[in-house]
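Peer 1: Sequence positions in the first sequence follow this note's numbering and run -19 to 238.
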Amino acid sequence: MKIVTWNVNSIKVRLPNVLEWVRANTPDVLLLQEIKCVDADFPALELRELGYEVHTHGQKTYNGVAFLSRLPVSDISRGLPGDDADDHARWIEGTVAGIRICGLYLPNGNGGEEKFAYKLRWMARLEARAEALLMDETPFVLAGDFNICPTAADVWDPPAFAGDALCRPEARAAWRSILNLGLTEAFRGLHPDRPKAWTFWDYQGAAWRFDHGLRIDHFLLSPAVADRLIACDIDRDARGREKASDHTPVWCAIGDVA
DNA sequence: ATGGTTGCAGCGCAA
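#1: Just how far apart, CA to CA, sit Asp236 and Gly91?
#2: Taking the alpha carbon of Leu122 as the reference point, which residue from Ala110, Cys129 and Ala132 has its own alpha carbon closest?
#3: Does the stretch 199 to 214 come close enough to the stretch 143 to 154 that 3 or more CB-CB pairs lie under 8 Å?
#4: Can you check which of these residues, Cys17, Glu222, Phe167 and Ser225, is closest to Ala206 by C-alpha distance?
#5: Sort Lys16, Arg105, Tyr42 and Ala204 by Cα distance to Ile158 and report the nearest one.
#6: Leu11 and Thr36 - do their beta-carbons sit closer together than 8 Å?
#7: Hey, how far is the Cα of Asn(-3) from the Cα of Ala218?
#8: Would you call Ile210 buried or exposed, if buried means 16 or more other Cβ atoms sit within 10 Å of its Cβ?
#9: Between the Cα of Gln184 and the Cα atoms of Gly74, Gly193, Val34 and Val2, which residue gives the shortest distance?
#10: Does DSSP put Leu170 in a helix, a strand or coil?
#11: Go to Phe96, then tell me how far its alpha helix (DSSP H) extends in each direction, as first and last residue.
#12: Could you give the DSSP three-state label for Ser202: helix, strand or coil?
#13: Using a 10 Å radius around the Cβ and a threshold of 16 neighbouring Cβ atoms, would you call Glu14 buried or exposed?
#14: Taking just the CA atoms, how far does Arg28 sit from Arg240?
#15: Since Tyr32 and Arg50 should fall inside the 8 Å C-beta cutoff, what is the C-beta to C-beta distance between them, to a whole number of angstroms?
#16: Taking the alpha helix (DSSP H) that Arg10 falls in, what are its first and last residues?
#17: When DSSP labels each residue in this structure, what does Phe141 get in the three-state scheme?
#18: What's the C-alpha gap between Ile(-17) and Val9?
#19: Would the beta-carbon of Leu84 fall within 8 Å of that of Arg70?
#20: Do you know whose CA, among Thr164, Gly169 and Asp137, lies nearest Thr190's CA?
#21: Within a Cβ cutoff of 7 Å, which residues of the same chain sit near Arg195, ignoring the five residues on either side of it in sequence?
#22: In angstroms with no decimal places, state the Cα-to-Cα distance between Leu86 and Ala186.
#23: Quick one: what's Gly74 bridged to in DSSP?
#24: So the candidates are Ser54, Cys212, Val(-12) and Asp21; which of them puts its Cα closest to the Cα of Gln39?
#25: Using beta-carbon positions only, say whether Phe47 and Gly78 come within less than 8 Å of one another.
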């Protein structure tokens, strides 16, 4: 099973890129972030024509996540538990082939201490959700735009980003706390030393041209799924297309149960 | 150099 995560930064603007990429790469499950539209405005017909079940958790203007699958999906659930007052559309989960797949858009956390505090609270809820799935012994995948550069190796200019919410020690500590539940980060598990493995290049400052990137889109696997991990990689090519998102797709392949 | 770019929405805000 091939699972893809991609922050598309508006599905309305990105639809041609997404359709072309899906035709060429035929993922089984496609998790999108920042669709930036309400559910009724998501271009479901176009994706159904390519063979996908379409589930969305959208909102006006900001955020919004989608869960698309060529395989049957059951028990879709929207919203990360733990705060009924949180109205950001950042979480959608569903079961495919016995795996609970969670698509997430973690808060960026820049723009003031209130926003950073929200990010940390959201990460505490994420850890609680992962713990609950582990307790249930549910095989699961957490995938999406985590807005976290786990280490200095995941940042093009570490000193310049020292105070950025994507790199701040409290955010990295929260990330490690989640990993320390016993999860496997798919990309670094398979490519521990690959340099400049970026998944995001800012629109500003010609970041793509200079290869000034960050690695912030990730897959976290529960132990049973980690045992079945075959491959995980980043499709840089999509970032170089016309009208590209500032993020590029990241994918992983999970083998069938032996 | 407190800059620059994109998207939404309708102009400042979020990223």
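Even glycine gets a Cβ: it sits at the ideal position worked out from N, Cα and C.
Peer 2: Straight from the coordinates:
#1: Here residue 236 is taken as the residue at index 256 of the first sequence, counted from 1. Here residue 91 is taken as the residue at index 111 of the first sequence, counted from 1. Straight-line Cα distance between these residues: approximately 43 Å.
#2: One-based indexing of the first sequence puts residue 122 at position 142. Comparing Cα-Cα distances from Leu122 to each of Ala110, Cys129 and Ala132, the minimum goes to Ala110.
#3: no
#4: For the purposes of this step, residue 206 is taken as residue 226 along the first sequence, with counting starting at 1. When only C-alpha atoms are compared, the closest one is Phe167.
#5: Residue mapping note: residue 158 aligns to position 178 of the first sequence, counting from 1. The candidate whose alpha carbon is nearest that of Ile158 is Arg105.
#6: Residue mapping note: residue 36 aligns to position 56 of the first sequence, counting from 1. Residue mapping note: residue 11 aligns to position 31 of the first sequence, counting from 1. In this structure, Leu11 does not lie closer than 8 Å to Thr36 by Cβ.
#7: On the first sequence, position 17 is the one that residue -3 refers to. On the first sequence, position 238 is the one that residue 218 refers to. Near 8 Å, if we compare the C-alpha coordinates of Ala218 and Asn(-3).
#8: The count along the first sequence starts at 1 and reaches residue 210 at position 230. Exposed: under 16 other Cβ atoms inside 10 Å.
#9: Position 204 of the first sequence, counted from the start, is the residue given in the question as residue 184. Shortest Cα-Cα distance from Gln184 to any of Gly74, Gly193, Val34 and Val2 involves Gly193.
#10: By one-based count along the first sequence, residue 170 stands at place 190. Correct three-state label for Leu170: helix.
#11: Residue numbering aside, residue 96 sits at position 116 when the first sequence is read from its first letter. Unbroken alpha helix (DSSP H) run through Phe96: Glu93 to Met115.
#12: The residue labelled residue 202 in the question sits at position 222 within the first sequence. Correct three-state label for Ser202: coil.
#13: Position 34 of the first sequence, counting from 1, holds the residue named residue 14. Burial call: buried.
#14: Absent from the structure is residue 240, since the part of the chain shown begins at -19 and ends at 238.
#15: The sequence position of residue 32 within the first sequence is 52, counting from 1. The sequence position of residue 50 within the first sequence is 70, counting from 1. Right, their Cβ atoms sit about 6 Å apart.
#16: By 1-based counting over the first sequence, the position of residue 10 is 30. In the sequence under discussion, the amino acid at residue 10 is Leu, which differs from the Arg named in the question. No alpha helix (DSSP H) holds Leu10; the beta strand (DSSP E) holding it covers Val9 to Gln13.
#17: For this step, residue 141 is matched to residue 161 along the first sequence. Note: Phe141 maps to helix in three-state DSSP.
#18: Stepping through the first sequence from its first residue, residue -17 is reached at position 3. Stepping through the first sequence from its first residue, residue 9 is reached at position 29. The straight-line gap from Cα to Cα measures roughly 5 Å.
#19: On the first sequence, residue 84 is found 104 positions in, with the first residue counted as 1. On the first sequence, residue 70 is found 90 positions in, with the first residue counted as 1. Yes.
#20: Sequence index remark: in the first sequence, residue 190 carries index 210 (1-based). Just to set this straight, residue 190 is Phe in the shown sequence, not Thr. That would be Asp137, whose Cα lies nearest to the Cα of Phe190.
#21: As a position in the first sequence, residue 195 is number 215, starting the count at 1. Same-chain partners within the cutoff: Cys129, Asp134, Ala177, Trp178 and Thr179.
#22: Along the first sequence, one-based indexing puts residue 86 at 106. Along the first sequence, one-based indexing puts residue 186 at 206. Their backbone Cα atoms lie some 25 Å apart in a straight line.
#23: Translated into positions along the first sequence, residue 74 becomes position 94. Paired residue(s): Ile81.
#24: As a working note, residue 39 is residue 59 in the first sequence. Here the closest residue by C-alpha is Asp21.
#25: Working through the first sequence from its first residue, we reach residue 47 at position 67. Working through the first sequence from its first residue, we reach residue 78 at position 98. No, the Cβ-Cβ distance between Phe47 and Gly78 is not below 8 Å.
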